[in-house]
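S.K.: In the order they appear, the protein sequences are chains C and G.
The end of the first sequence is residue 319 by the numbering used here, with every number in the run present.
The end of the second sequence is residue 595 by the numbering used here, with every number in the run present.
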Amino acid sequence: MNRTVEPRTPAGVVPAAVVAGARGRVRTRRRVMAVARPYLYILPTFLFLFVFTHYPILKTFYLSLFKWNLATPKMKFIGLGNYVQAWSTPLFWQVLQNNVLFAVGTIPISLALALVLALLINQKVRGLAIYRAALFYPTIIPMAAAAMIWLWILTPSYGLVNFYGKALGLPDIHWLGHSRFALAALILVGIWKRVGYYMVIFLAGLQVIPEHLYEAAILEGASPWQRFWRITLPLLSPTTFFVAIMAVIDSFQAIDQVYLMTQGGPGNNTNLFIFYIYQNAFRFFDMGYASAVSGILFLILLGLTVLAFRMLHRRVHYA
Amino acid sequence: MRSRPLWRLTVHGLLLLAGLVIVVPFLWIALTAFKERNEIFSLIPQWLPAHPTLQNFWGVLDAMPFWRYYWNTLVVAFGLLGVQLITITLAAYAFARMEFWGRDVLFILLLVQLMIAPQSTAIQNYVTIVNLGLLDTRLAIMAPYLASAFGTFLLRQTFKGIPKELEEAASLDGCGGLRFLAYIAVPLAVPGYLAFALVSLTYHWNEFFWPLVITETSKARTLTLGLGIFAQTAEGAADWTMLMAATLMVVAVPLLLFLVFQRRFINSFMQSGLGG
């Protein structure tokens with residue numbers, strides 16, 4: 001209603017407060033409102049954000065400095081003890097290694113596939129909508145449902161994969177019970193679930209590359225292969241980069257499929273970060289240690305995000 | 320030159336291959352759901368059910384409180400969306416069109432929500448929920464998401480695009496402040512709201528881990544979690560046809576909506592980059 005009053009600094013309000021009389025008071029109230037309004041607008045968001053995002057982050061680091069578990073129900077300050085414990089626990093390192101393997105197994109393949117599929121879809125072939133829907137639908141179904149689908153498909157003896165595997169002369173494999181293949185199975189599910197989503201992000205990136213660049217390249221006799229390496233890929237690099245970071249963060253958030261398909265087994269071969277935190281917090285009730293592992297995960301993801309933005313920055317300047 | 324028949328054939332061939340690899344698993348479980356129980360234990364897979372039956376679906380309804388889960392899911396997903404629409408509208412409007420002290424710092428504090436894995440704050444949020452006396456309630460499932468950095472970010476972009484002159488003209492006509500927001504800014508941002516709504520509904524329909532942590536009984540449990548728990552009970556684990564029927568029942572409605580409004584869904588997720 002009084003949008004014309006431009007709040008510059010809260011200090012600008014003070015002189016108005018000394019104005020006497022009813023008119024002055026109204027004006028003062030209006031000025032106070034004008035200053036307070038943006039804060040009132042963001043208040044609900046920041047109330048929830050503080051309670052459920054900022055505070056828990058701080059509290060996690062705080063709790064990570066305490067011994068707090070079934071054996072020590074009364075919190076006891078132990079400094080970096082929980083971090084030292086993580087450092088000297090082989091399982092912690094195995095979980096880290098599992099998660100890195102999971103990321104390395106999932107990301108390059110899904111990104112490459114997603115890019116190829118995006119390029120193919122971008123050819124504007126007939127039936128495009130059908131192909132796109134077929135490739136994208138796993139994005140909108142729950143990971144829990146995807147886990148059920150693949151549990152059944154990977155079942156020993158009666159599962160589809162083993163049937164056709166046997167037809168090709170492979171042995172009957174208990175995929176999820178096998179120390180070597182269980183993580184590979186989770187990687188497969190991860191790729192299957194996410195490739196369509198990454199493809200769509202690539203499509204968005206492809207569609208903003210100016211057509212005239214290709215026209216000029218064709219005039220100069222560039223082959224499709226050259227056009228891909230000299231135009232498409234370089235101009236797509238911010239998208240690629242963005243998708244890659246998103247994929248890394250995804251891979252460190254993976255939990256549903258671990259919980260439902262392997263419970264981290266066999267022999268902790270598929271125990272990933274969030275599942276490890278879950279186990280320690282809610283099965284062993286070792287809250288202090290679980291907080292320390294959460295803290296480490298924060299730092300890993302924060303490091304990756306910062307690295308991402310730095311590299312992106314450089315790339316933008318470079319371009 | 321891209322329209323050479325051989326090239327087109329290759330493109331179709333590759334897309335068809337990829338599409339089949341993605342679709343066949345779903346097709347397989349969908350067909351399994353209509354089979355009789357003993358039919359699946361054949362060593363040569365039978366694609367079509369020999370005697371199509373609905374008994375698996377009835378079995379699911381007997382074995383788990385399916386409608387209870389459905390109701391909980393609807394309440395959580397839509398209730399949450401309702402609150403989010405209010406919080407993100409107000410915050411996005413302030414960040415897009417108002418000058419205030421500390422704005423940029425506050426905006427970065429908002430974006431922190433996008434940078435962390437929500438699963439990694441689960442322990443402390445669990446403690447908070449217990450202290451608030453909200454354990455095992457639908458409100459607890461919604462709580463960590465009542466503010467949405469993604470939604471605020473998305474709407475802020477839209478609100479920023481509204482010309483200043485429009486706002487000034489409206490203000491002169493007595494349509495300033497909240498009125499401008501309600502009658503002009505919000506209607507102009509409908510595509511943004513739609514994109515946010517689809518992503519938010521899908522995400523919370525599908526969410527598994529946080530409901531798992533924060534619920535103890537079927538009182539507040541959502542569908543996806545119910546499916547996961549059913550799979551781990553003796554009844555579910557031993558019975559593939561019933562488990563596949565349950566899976567199909569959980570995904571049926573969202574999947575149908577996706578097939579009908581494909582373009583909208585995909586465009587929304589295109590914008591979601593950070594939100595998924």
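Even for Gly, the Cβ is constructed at its ideal location relative to N, Cα and C.
Computed from a predicted model, the values in this text were never measured in an experiment.
#1: Near residue 214 of chain C, what residues of its chain come up, given a Cβ to Cβ distance below 7 angstroms and the 5 sequence neighbours on each side ignored?
#2: Can you tell me which of G/349, G/345, G/350, G/414 puts its alpha carbon nearest to the alpha carbon of residue 476 of chain G?
#3: Can you have a look at residue 68 of chain C and say buried or exposed, based on whether 16 or more other CB atoms are within 10 angstroms of its CB?
#4: Could you check if residue 344 of chain G is buried or exposed, using at least 16 other CB atoms within 10 Å of its CB as the buried criterion?
#5: Leaving aside the five residues before and after residue 132 of chain C along the sequence, list all residues of the same chain whose C-beta is less than 7 angstroms from its C-beta, in chain order.
#6: Below 9 angstroms on C-beta distance, what does residue 216 of chain C contact in chain G?
#7: Can you confirm whether residue 386 of chain G, when its beta carbon is compared against all beta carbons of chain C, has any partner nearer than 8 angstroms?
#8: Thinking C-alpha only, which one of C/94, C/126, C/206 is nearest residue 266 of chain C?
#9: Kindly indicate the opening and closing residues of the alpha helix (DSSP H) around residue 239 of chain C.
#10: Starting from residue 228 of chain C, follow the alpha helix (DSSP H) in both directions and report where the run begins and ends.
#11: With 7 angstroms as the C-beta to C-beta threshold (strictly closer), list the residues of the stretch 331-350 of chain G near chain C in chain order.
#12: Taking the straight line between their C-alpha atoms, what separation do you get for residue 202 of chain C and residue 381 of chain G?
#13: So, helix, strand or coil for residue 588 of chain G, using DSSP?
#14: Does the contact criterion of 3 or more C-beta pairs under 8 angstroms hold for the stretch 252-271 of chain C versus the stretch 506-523 of chain G?
#15: Let me check understanding here. Comparing Cα to Cα, which of C/115, C/128, C/119, C/138 lies closest to residue 193 of chain C?
#16: Give the straight-line distance between the Cα atoms of residue 354 of chain G and residue 85 of chain C, rounded to the nearest whole angstrom.
#17: Along the alpha helix (DSSP H) that carries residue 541 of chain G, what are the first and last residues, could you check?
#18: Take residue 107 of chain C and list the residues in its own chain whose beta-carbon comes closer than 8 angstroms to its own, dropping the five residues that flank it on each side.
#19: Measuring straight from C-alpha to C-alpha, what distance separates residue 470 of chain G and residue 411 of chain G?
#20: Please report the distance separating the alpha-carbon of residue 398 of chain G from that of residue 242 of chain C.
#21: I'd like the list of long-range same chain contacts for residue 351 of chain G, defined as Cβ closer than 7 angstroms, with 5 residues on each side in sequence excluded.
#22: Going by beta carbon distance, what residues of the same chain come within less than 8 angstroms of residue 276 of chain C, once the five residues before and after it are set aside?
#23: If we cut at 8 angstroms on Cβ distances, does residue 377 of chain G have a partner in chain C?
#24: Indicate whether at least one CB of chain C lies closer than 8 angstroms to the CB of residue 539 of chain G.
#25: What are the residues in the stretch 277-297 of chain C lying within 8 angstroms of chain G by C-beta distance?
#26: Any beta carbon of chain G sitting closer than 8 angstroms to that of residue 310 of chain C?
#27: Can you tell me the Cβ-Cβ gap for residue 200 of chain C and residue 589 of chain G, rounded? I've got them flagged as a contact below 8 angstroms.
#28: Of all the residues that make up the stretch 495-521 of chain G, which are near chain C by a beta-carbon distance shorter than 7 angstroms?
#29: Report buried or exposed for residue 187 of chain C, applying the criterion of at least 16 other Cβ atoms within 10 angstroms of its Cβ.
#30: Please confirm whether residue 389 of chain G has its beta-carbon closer than 8 angstroms to some beta-carbon of chain C.
#31: Are the C-beta of residue 14 of chain C and some C-beta of chain G separated by less than 8 angstroms?
M.R.: If we stick to the structure as given:
#1: 227, 231
#2: G/414
#3: buried
#4: buried
#5: 121
#6: Those within 9 angstroms of residue 216 of chain C in chain G number zero; the least Cβ separation is about 15 angstroms.
#7: no
#8: C/94
#9: 233-253
#10: It is not in any alpha helix (DSSP H) - residue 228 of chain C carries neither H nor E in the DSSP assignment.
#11: 331, 333, 334, 337, 338, 341, 342, 344, 345, 347, 348
#12: 44 angstroms
#13: helix
#14: no
#15: C/138
#16: 51 angstroms
#17: Careful: residue 541 of chain G lies outside any alpha helix (DSSP H) and carries neither H nor E.
#18: 244, 247, 248, 251
#19: 8 angstroms
#20: 31 angstroms
#21: 359, 559, 560, 563
#22: 91, 92, 95, 264, 293
#23: no
#24: no
#25: 277, 278, 281, 282, 287, 290, 291, 294, 297
#26: no
#27: 5 angstroms
#28: 495, 496, 521
#29: buried
#30: no
#31: The predicted model places residue 14 of chain C with a pLDDT of 47, which falls under 50 and marks its position as unreliable; any figure quoted below should be read in that light. With 8 angstroms as the cut-off, residue 14 of chain C does not count as an interface residue toward chain G.
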